[in-house]
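Visitor: Submitted below is the structure of interest, expressed as C-alpha cells.
Residue numbers (my numbering): 1 to 92.
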C-alpha cells in the first residue's frame, strides 16, 4: 500500500518520514478514525487492530482518535486503511 509519510508533528523537527504528514480522517460503517502526527519515539497510540494496519504501512509514530463502534474489527481496520489512503488522495 502506498502511503505518504513525513514528519508532520510540530513537536518534532527531525524531517524523517516516521509519521503521517498531516491529520487525516477515514470512515467505514459507523467507525471514524483520525490519525494525528506524533513526535518521533512515541510509537503507535492506537488499538491493536489499527496498530497492525499501520505497521504494514510503515508508520512508526502516530496518535489516533476514534468514534463509533470500534469493536467491529473489520470496520475499524477498513477505517484505518481509508485514513492512510487519504494521505495520497487530493480533493479539490
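Cβ atoms here follow ideal geometry from the backbone N, Cα and C, with glycine treated the same way. All values reported here derive from a predicted model rather than from experimental measurement.
May I have the straight-line CA-CA distance separating residue 19 from residue 37, to the nearest angstrom?
Guide: Numbered from its first residue, the chain shown carries residue 19 at position 19. Numbered from its first residue, the chain shown carries residue 37 at position 37. Rounded to whole angstroms, residue 19 to residue 37 spans 6 Å at the Cα level.
Visitor: So, residue 62 versus residue 81, is the Cβ gap smaller than 9 Å?
Guide: As a first step, residue 62 must be located in the chain shown, where it is residue number 62. As a first step, residue 81 must be located in the chain shown, where it is residue number 81. Contact flag unset, no.
Visitor: On a Cα-Cα basis, can you pick out the residue from 70, 51 and 65 that is closest to residue 59?
Guide: Position 59 of the chain shown, counted from the start, is the residue given in the question as residue 59. Comparing Cα-Cα distances from residue 59 to each of 70, 51 and 65, the minimum goes to 51.
Visitor: Using C-beta distances below 6 Å, list every residue in its chain close to residue 11, excluding the 5 sequence neighbours before and after it, in chain order.
Guide: Here the question's residue 11 lines up with position 11 in the chain shown. Closer than 6 Å at the Cβ level, and outside the excluded window around residue 11, lie 39.
Visitor: Under 8 Å by Cβ, that's how I've got residue 47 and residue 70 pegged, so tell me the actual separation to the nearest angstrom.
Guide: In the chain shown, counting from the first residue as 1, residue 47 sits at position 47. In the chain shown, counting from the first residue as 1, residue 70 sits at position 70. Contact holds; Cβ gap of about 6 Å.
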